[in-house]
Every structure is written in C-alpha cells, then in structure tokens.
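When we follow this note's numbering, the leftmost residue of the sequence shown carries the number 243, and every step to the right adds one.
Ideal placement from N, C-alpha and C gives every residue a C-beta, glycine not left out.
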Amino acid sequence: MEYDLMISNARIVGPDATQEGCILVKDGKIAAVSKEQGDFRAKEVIDAAGKYVLPGGVDVHVHFRDPGLTYKEDFSTGSMAAAAGGITTIFDMPNVQPPTLNVENFEIKKKIAEEKSYVNYGIYAYLVNNLDQITPLIEAGVCGFKWDLSTFDWELPEGWYLPDNNEAADIFREIAKHGYVVTVHAEDMELVKNYTEHLKETGRDQKDFLAHVEARPDIVELSALHRTFVLSEVSGCKVHITHLTSRRGLELIKEYQRRGIPVTSDVGPSWFTFCAEDYEKYGGGIRVIPAIRYQNDTDALWEGLACGDIEVMATDHAPHSNEEKFERSWWDTLPGTIGVQTSLPILLDRANKGEITLNRIVDCYASQPARIFGLYPRKGLIAPGADADITIVDMEKEWTVTHEEMYSKTKYTPYNGFQLKGKPVTTIVMGQVVMQDGKIVGQPGAGKLVNPKQDW
Ligand code: NCD
Ligand code: ZN
Ligand code: ZN
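Right, dumping it as structure tokens:
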C-alpha cells in the first residue's frame, strides 16, 4: 500500500520515552510506527535525521478574538502563529463578540474557524447563567467550559451574569454529568476591587507598575481557588485552573488533589519567565491577569511545571493593539500578551539548558492537556490510530525572537531579543504539512473541530 506521508529516521518523543522509528501516515492518521526504516512507499517523504519528532502541541488557552475583536487577531493569523510555534490544536476562549455562551454564538465561531483555521480547534463556552445551554452546547461540540471569575457582568450582553454559588452548583452538576471540565480563571474580583480602590486612594497610578501586582496579590487567587474546590466537591465536577500564578496557589492545589478533588492546572510562559522586577523594563508588555508576581512565585511555577506538579503548559495567547497596551494609563492598560508562537521554543531552550526533559515537554504540552480534556490518545501521542498531528523540532537551531517574525496581528512580543536554542521546523496537522522552516505552507481549513465526544 502507498502511504500519504512517511517521516523517516525519526527520534520519536513520547511522554515517557524516546524511540527511533519511521512514521507512516494515511488519510490524516498515523497508520503505523515502524521500528525499522523498512521499504515503504509514500507520496511524500520527510527525512527527520538529526531532529526530534513530537506529537503536535495542544494549547488549551488562546484568544484568537474572532468574531468581533479581529483588529487584535483573527482565526487565520492566530492559527498561523500556532502552526509556526509547533502547535497543532488550540482551545479558543469565549470572550469574543458575540461571546460564546449559547449554541447560536458557538455556531458563529465554529463556522469562522472551519474556514480560517490552519490548526485544530476546540471551542470553549462561557460558564455564566446558562444552565439550559450546557447540554445543548456539549451536543453542539464545545471542548469545555470557561468560568472566568475576572469577568464583570457589564462585559456580558444584557441578561447574562456570573452565577452565585447557588446557581453555579447546578451548572457544575450539569457539566459533571457529561464528565466535561470547567476551566477556571481564579481571581476574587471583590478583593481586587477592594485592593485597587485603596491603592488609588493613596495616589498609586500612572506607570507605578508594582501597583498591578499589589492590587491582585496571591490571596486573591487563593480565595477563588477555595470557592472552585468547594463547587467541585459539591458537584463532583472536574476543574482545571488555568494560568496559575502563585506558590501558595500551587500548594493549595496539591493539598486538594491529595484530598481527592479532581483538579489540574496549567501555567504559561509569562508567569514562569518574568517577575515583578521586569515591569519596569516591559511595562504594558507584561501586564497580564492574574498578575505576574515575585521571584519566589516565578520559581515555584517553573519547578512545578518541570516536575509535573503543574500538569500542563498553556500559553494564554492574548493579543491587544499597541494602543491598548502602551498608550493608556497603567490602570487602563489591557491585560494579556501574545505567545502561542514562542511557547514551545521557550521550553525547547530550557531543555537545551538541562532544566526540563523533552519527554516532560511532550507530556505537559501535548499528552496531559489531551488527557485532561478527553482527547487522548487521539491527540497528544504518536501511535497507530492517532491523528497525524506532528511537530518536528531542530534542537540545535540557535535563533533570536523578533517582533517581525510573529504571525499574530499584534507584533509586540516581550520575548523580542530572546536568544533561544531549539525551534520547531515542521508542523503537520491531520497529515498535512502546514509549516515548513518557519513559513506557513498549508491551507486554511486544514484544522478540524475537536471535542471529547467525537468518534475517531
Ligand atoms: C486575557 C484576554 O486578554 O482576553 N488577558 C489576560 O491578561 N490573561 C483574559 C484572561 O485570560 O484572563
Ligand atoms: Zn484568564
Ligand atoms: Zn486568557
């Protein structure tokens, strides 16, 4: 039989081990993995000698801003950035216009992604006062639910709001019936408001960068974590804490895991790379929420990710315009920064420095997210029967990150000037090469919708 694609001389990296072999792809799936470089026939052959072959990255937290906020990013530019960064599946967040909180708005986003996306996409729905939408949204194909505790009700269309515990308990129970996951932005906004008002009273404002982290200290995260764990216990619902930011938060998660609460977490490069001392240099470039904290937290997050206490790396790719990032008062500067194109390279560089293993990179950026969100082993593993989502990396390549190289509409990256060793050189989505040597070569529409319900 003739295969569509063969990747020969591959050093195939899995979450636990690395093996030599030859990968054979047919109809968008991995048909076989052969230990021998046998006499196979294929339409296209990629010789991966000297490189490493990884399951494509699964990034469970990005904002592609489509529809409605496409002056910041859209599904085409965002997914090109993902492909350039070795990411083959993304989960897109619901804070778009109109927000993804019911089936009608889900269908609008799905159609856009179908036409524009170069990589596979999961579509989150908001967890708001939408109990009657939960099961229909799951049937329609969402990947999970986002409980964004940093949302103000005035940011939602009229009639929609963040539920109190009474209403939230029923929604969590409904989600638990299906075994789906609630992904949580853990900040207690009542406390943020309190801290912010007191800081403003003392005159802390323009360019007083530390006011950002002082307005959102780690206790704010702890409060929201406690609330989340209570609701998880009440309902039995699985919860995933996204963009974890504090040492104490990680300790609390571990404690609740020991007690049997089904909780996992992720961290993004912003929080394990930078710390409060860097605000002076980067200003709005690293203003994100929850806030980047102090060195002690940054260290705990990196150590937690490297050893697996924090199961997942997720970028929180959150583009804004230059005006929104750099031309407003410090309090009004919008939070978020891009990163889907640089996350895997940052990890590869750390592997070259001996700070993390390649196997653990595959684990935290492909296998674990796929497992937690019910896509494993269709995604997150190179094995027969899995989708042919594959990233080939050159661990020897030395390069410097530049704004210009970013595929995002928003070019500013705080990693500009970072000298890294290790880079994805080929990205394959469902058997199609979509990125080669940093250039997008695939077609929009290469990516497909993903969710835990699908047959494969
Ligand atoms: C995100 C955004 O811009 O949408 N910003 C951020 O700083 N993280 C929102 C979010 O993920 O909380
Ligand atoms: Zn968030
Ligand atoms: Zn986000």
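- By the C-beta criterion, the stretch 392 to 405 is judged not to be in contact with the stretch 348 to 360, since fewer than 3 inter-stretch pairs fall below 8 Å.
- In the DSSP assignment, Phe387 falls within the beta strand (DSSP E) that extends over 386 to 390.
- Judged by DSSP in its simplified three-state form, Phe333 adopts strand.
- DSSP places Ala548 inside the alpha helix (DSSP H), whose first and last residues are 537 to 549.
- Residue pairing by DSSP places Trp641 opposite Leu662 in a beta bridge.
- The beta carbon of Met677 sits no closer than 7 Å to any heavy atom of ligand 3.
- Take Tyr403, set aside five residues on each side of it, and the residues of its chain with a beta-carbon closer than 7 Å to its own are Val370, Asn371, Asp395, in chain order.
- When Cβ pairs closer than 8 Å are counted between the two stretches, the stretch 258 to 272 is seen to touch the stretch 661 to 678, the count reaching three or more.
- Relative to ligand 1, the beta carbon of Val530 is positioned inside 7 Å of a heavy atom.
- With distances taken between CA atoms, Arg458 lies nearest to Val434 out of Val476, Val434, Leu452.
- Asn564 has its Cβ no nearer than 7 Å to any heavy atom of ligand 1.
- Contact check for Phe333 against Val295 fails: the beta carbons are separated by 8 Å or more.
- Distance from the CA of Lys690 to the CA of Val361, rounded to the nearest whole angstrom, comes to 7 Å.
- In the displayed model, Gln279 falls within coil according to three-state DSSP, outside both helix and strand.
- The C-beta distance from Pro378 to Val345 rounds to 5 Å, short enough to meet the 8 Å contact threshold.
- If only complete runs of 4 or more residues are kept, the stretch 379 to 447 shows the alpha helix (DSSP H) at 407 to 419, 431 to 443, in order along the chain.
- For Arg307, the number of other beta carbons within 10 angstroms of its own is at least 16, and it is reported as buried.
- Relative to Ala560, the option among Pro336, Glu545, Pro577, Ser571 whose CA is nearest is Pro577.
- A contact between stretches requires three or more CB pairs, one per stretch, nearer than 8 Å, and the stretch 548 to 564 meets this requirement with the stretch 608 to 619.
- Counting only the Cα atoms, Phe660 lies some 24 Å from Gly292.
- At least one heavy atom of ligand 3 sits closer than 7 Å to the Cβ of Ala560.
- Annotation for Tyr245: the continuous beta strand (DSSP E) segment containing it runs 244 to 255.
- Distance from the C-beta of His485 to the nearest heavy atom of ligand 2 is below 7 Å.
- In this structure, the beta-carbon distance from Asp460 to Ser477 does not fall below 8 Å.
- Within a 10 Å sphere around the beta-carbon of Cys264 sit 16 or more other beta-carbons, which makes this residue buried.
- Here the alpha carbons of Leu543 and Thr655 stand approximately 21 Å from one another.
- With a threshold of 7 Å, the Cβ atom of Asp460 does not count as near ligand 2, since no heavy atom of the ligand is closer than that.
- Secondary structure note for Met322: its alpha helix (DSSP H) is the uninterrupted segment 317 to 326.
- The straight-line gap separating the alpha-carbon atoms of Lys595 and Glu416 is approximately 45 Å.
- A residue is called buried once 16 or more other Cβ atoms fall within 10 Å of its Cβ, and Thr642, having fewer, is exposed.
- A direct Cα-Cα distance of roughly 7 Å separates Ile483 from Ala428.
- For His305, the distance from the CB to the nearest heavy atom of ligand 3 is below 7 Å.
- Checking the DSSP bridge columns, you'll see Tyr368 partnered with Lys388.
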